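One structure is given here, and the rest of the page talks about it.
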Amino acid sequence: MQVVFASAEAAPFVKTGGLGDVAGSLPKALKKAGADVIVMVPKYSTIPEYFVERMQHVGEFYVSLGWRNEYCGLERLDMDGITYLFLDNEHYFARSYPYGFFDDGERFAFFSKAVTESLQHLPDGFQCDILHCNDWHTALSPVFLREFYQGLPLYERVKTVFSIHNIAFQGQFSDTILNDVLGLAHIPNAARQLRCDSSSINYMLGALNYSDAITTVSPTYAGEIQTPEYGEHLDGVLRRRNNVLSGILNGIDYVDWDPATDYQLTENYSVGNMEGKAACKAALQQELGLEVRSDRPLMVMVTRLTRQKGMDLVTYALDRILSGGVQVAILGTGDYEDSMNYFANKYPGSMAARLTFDPALSRRMYSGADMFLMPSLFEPCGLSQIIAMRYGTLPIVRETGGLKDTVIPYNQYTGEGTGFSFAHFNGDEMGDAVFRAARLFWDDRDAWNKLVEQAMNQDFTWKRSADAYIDLYRSLHPDVEVMPEPEPEPTPAPEPETAPEPAPVAEAEPVAAPEPEPEVAPEPAAEPVEETPAHKAETTPEPEPEAAPAPEPEPAKEEPAKPAEPAAEKPAEEPQAEEVKPAAKTTKRTTKATASKTTTKAAAKPAATKTAAKTATKASTTKTTATKTTKAAATKTTKATTPKTAAKPAETAKSTTATETKAATKKTTATKAATASTKAASTAKTTAPKTTATKATATTKAAAAKAAPAEDAPAPKKAASKATAAKAAPAASEPAPEPAPEPAPEPAAKPAAKATAAKTSSSTATKAPAAKTADEEKPAAKTTAPKATKVSAARKTTTRRRS
25 MQVVFASAEA APFVKTGGLG DVAGSLPKAL KKAGADVIVM VPKYSTIPEY
75 FVERMQHVGE FYVSLGWRNE YCGLERLDMD GITYLFLDNE HYFARSYPYG
125 FFDDGERFAF FSKAVTESLQ HLPDGFQCDI LHCNDWHTAL SPVFLREFYQ
175 GLPLYERVKT VFSIHNIAFQ GQFSDTILND VLGLAHIPNA ARQLRCDSSS
225 INYMLGALNY SDAITTVSPT YAGEIQTPEY GEHLDGVLRR RNNVLSGILN
275 GIDYVDWDPA TDYQLTENYS VGNMEGKAAC KAALQQELGL EVRSDRPLMV
325 MVTRLTRQKG MDLVTYALDR ILSGGVQVAI LGTGDYEDSM NYFANKYPGS
375 MAARLTFDPA LSRRMYSGAD MFLMPSLFEP CGLSQIIAMR YGTLPIVRET
425 GGLKDTVIPY NQYTGEGTGF SFAHFNGDEM GDAVFRAARL FWDDRDAWNK
475 LVEQAMNQDF TWKRSADAYI DLYRSLHPDV EVMPEPEPEP TPAPEPETAP
525 EPAPVAEAEP VAAPEPEPEV APEPAAEPVE ETPAHKAETT PEPEPEAAPA
575 PEPEPAKEEP AKPAEPAAEK PAEEPQAEEV KPAAKTTKRT TKATASKTTT
625 KAAAKPAATK TAAKTATKAS TTKTTATKTT KAAATKTTKA TTPKTAAKPA
675 ETAKSTTATE TKAATKKTTA TKAATASTKA ASTAKTTAPK TTATKATATT
725 KAAAAKAAPA EDAPAPKKAA SKATAAKAAP AASEPAPEPA PEPAPEPAAK
775 PAAKATAAKT SSSTATKAPA AKTADEEKPA AKTTAPKATK VSAARKTTTR
825 RRS
């Protein structure tokens, strides 16, 4: 839906009243609701230079007015997603003020004709569906469209909407303008529908007769203007066309008018925290010279001092109100300035009058007051009472127009309401309404606070108004689809992205390893082998901090079993590819890997298996202290590397037998490497003194601490390497290498370390204490690990032993 919104003023470029607010805010809301909007405004000389400098000249054309052609330039400015087109003619718009000149009839006849003509000069791709005109300044556009442009290709589908913001301002001029300016004197039908009496014409009357739809700014006002009392002599035509007449409430910008963020307030506050409002009231009382008392209700008015705003009633009731204990502050200019000064001098400390226009002070008054008085004779919509409710100030209004539609009178029995009201234009009724509010303020502060909360929670945003206008546009153009801009709302699809969160771990928990461990060796063995690959570098970070406190051996036994479950939580899908990298890095610990590999690969041979079992038995009986320490180190290292492996000796045999089956299926190269490592491990005799075992334990702890960071990267190349690690870990808890006294040929140990480096990356540190050659291995582990990752630590150890 493509809409051209024509208005004589639009904030922030030019504004003299409510029309400027509407033209500045409604198009933005229409844009969000799905309409494509262009706003047309006269290029006044009073527009701030900041905006003029950003304008682009996009075209020019001539407008025929009666017997002459007038120049019209098009200046474009894109701002806040809206395209503004400024119609330029210095002869008509280079004035000090938008209105109030003798030739206003000609000036805005030119503007209306220029708006209609400019529909042929819109940006590429923009074809007007709706021409929305506002008040009498653009009221002739529907007339010109029908009389001069009907039937032309670009105008056939254009529908017109006319909005009445204040029916009291109609644009009445001498009928001589019909021929001299409008060029409509020769069209009898047009002349008749514009003429309001024998000698004058009415611009608004023409719009009411020619527009496809008519709106006002509130439902109640739409009904009132159809009566002689409020119709200003146009009630007859409005009754005749009431089938196209509707009332749509205006709104306010909730971002601009927000007490929680308004920087011009003494203190900010919100519905949930009203403490700042009390501070605002005290500051306002002090600023205006009133008594600073929180127990006295403060009532304010921000208005034009005219009869239409109910100033007759105010002057009548002020004595009663001020003497009754209510403070009053008034901001504005107009016909009743002298009366306001009189009361301010008569009641110092209770009455304050600021006879000027001060937007910043008005905001402080909205925020610091308890009540807002608005006793209008008539009010098409009214924005002040809406702003007051937004700032937690209860309005006291007369039930007319938009005031009746926006303020819900307080019901003392149900507690409902958002303010106070009175029905008739009467000073005594107004005074009664003021004291009803004051008594509630004095007698029942809880009910008062609830009323304030209800008022602040009202929704008067422009979105609600824009939705109503979009519905109206659709009724005129049912063939046009409106594509709302709630695309940003669907985008918040982070929720589906977070959906994957429940998928992890939760489902893997039941697959925890505790089940396979107690089972028969072959079956559980296969499972650990598959589960251990699931052990990524990602799971190791948790055990690492626990591995650091090596001094606690016994608790370490129980902990490995716990991490075993989380390790299984991650399926074995990712492990293998990730664990290939650290294979080369883990050669730091291959020194002890040879010993661990001995028991692992020896399992492939029956004889080696028996030897490993005997070795485990002897090792367990050798030194309880060494065994416990070794187990502590082994279990912590195992936790950091293969959390799935159990630390119990009984399970060692099972896992060993299980890995035998897995090892048998692996490459023959691994078997040969295992044989070589078996011989190398056999050389690690148990001749080392007991003290050596203690040192080996310390070395093992150091190696385990270093092994942890290395395992942050993915672990071994293949699943078999993890099976070996799982196998080596339990073996580490029992110092098996002692009984093998045969000297191990160094060359054989070297290839074994290379072949098994990737497979026993994490278990090598565990095997070191079992070999009990700690005195000699300790220096090798410390110096070799940090520097050369690919050098065999085992080889260095045997070399130093020889020396």
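Read in order, the letters of the sequence shown are residues 25 to 827 in my numbering.
Built from N, CA and C at the ideal position, the CB exists for glycine as well.
As the structure is a computational prediction, the values presented were derived from the model and not from experiment.
Within the same chain, and ignoring the five residues on either side of Phe172 in sequence, the residues whose Cβ sits closer than 8 Å to its Cβ are Thr140.
Between Pro51 and His189, the beta carbon gap of about 15 Å keeps them out of contact (Cβ cut-off 8 Å). Around the beta carbon of Phe484, 16 or more other beta carbons lie within 10 angstroms, which makes this residue buried. The C-beta separation of Ile238 from Phe186 comes to about 5 Å, placing the pair in contact by the 8 Å criterion.
For Pro212 and Phe132, the gap between their C-alpha atoms comes out near 22 Å. Bounds of the alpha helix (DSSP H) holding Gln478 are 469-480. Boundaries around Lys183 are those of the beta strand (DSSP E), 183-188, since no alpha helix (DSSP H) includes it.
Within a 10 Å sphere around the beta-carbon of Arg422 sit 16 or more other beta-carbons, which makes this residue buried. Per DSSP, the continuous beta strand (DSSP E) segment holding Tyr86 begins and ends at 80-89.
With three or more CB-CB distances shorter than 8 Å, the region 193-206 counts as touching the region 151-165. Per DSSP, the unbroken beta strand (DSSP E) holding Met395 starts and ends at 395-398. For the region 424-463, the continuous beta strand (DSSP E) assignments of 3+ residues that do not extend past its boundaries occur at 444-446, in sequence order. Excluding the 5 residues flanking it on each side, Ser235 has same chain C-beta neighbours closer than 7 Å at Pro166, Thr184, Val185, Phe186, in chain order.
In terms of Cβ geometry, Thr290 and Leu308 form a close pair [threshold 9 Å]. Between Phe85 and Glu99, the gap from beta carbon to beta carbon reaches 9 Å or more. Of Tyr95, Thr380, Gly44, the smallest CA-CA separation from Ala34 is found for Gly44. Cβ neighbours of Ala412 within its own chain (closer than 7 Å, five residues either side excluded): Tyr390, Phe396, Pro419. Per DSSP, Ser198 is one residue of the beta strand (DSSP E) stretching across 196-198. When beta bridges are read from the DSSP output, Pro419 appears opposite Phe396. Inside the region 268-297, DSSP marks whole beta strand (DSSP E) runs of 3 or more residues at positions 269-271, from first to last along the chain.
Judged by their CB atoms, Thr442 and Ala393 are not nearer to each other than the 9 Å cut-off.
As for any beta strand (DSSP E) of minimum length 3 sitting wholly inside the region 202-254, the runs are 224-226, 237-240, ordered along the chain.
Between the C-alpha atoms of Ala302 and Arg344 there is a straight-line separation of about 26 Å.
In the three-state reduction of the DSSP assignment, Met25 falls in the coil class, being assigned neither a helical nor a strand state. Here DSSP, grouped into helix, strand and coil, assigns Leu329 to strand.
Selection Val38, Gly247, Pro147, Ser88 evaluated against Val261 yields Gly247 as nearest (Cα-Cα). Under the 8 Å Cβ criterion, the region 352-367 does not count as touching the region 263-281, having fewer than three qualifying pairs. Annotated as distal: Val46 and Cys152, with beta-carbon spacing of 9 Å or more. Of the other Cβ atoms in all chains shown, 16 or more fall within 10 Å of the Cβ of Phe168; this residue is therefore buried. Non-local C-beta neighbours of Gly334 in its own chain, meaning closer than 7 Å and more than five positions away in sequence, comprise Pro399, Ser400, Leu401, Arg422, ordered along the chain. Between Thr240 and Ser270, the gap from beta carbon to beta carbon is short of 9 Å. Tyr116 and Gly230 have their C-alpha atoms some 22 Å from each other. With contact defined as three or more Cβ pairs closer than 8 Å, the region 70-80 and the region 100-107 are in contact.
In its chain, beyond the 5 residues on either side, Glu99, Phe110, Leu111, Asp112, Phe117 have a beta carbon closer than 7 Å to the beta carbon of Lys67.
Ile411 is bridged by DSSP to nothing; it lacks a bridge partner.
When the alpha-carbon of Arg181 is set against those of Asp467, Leu143, Ala471, the nearest one is in Leu143.
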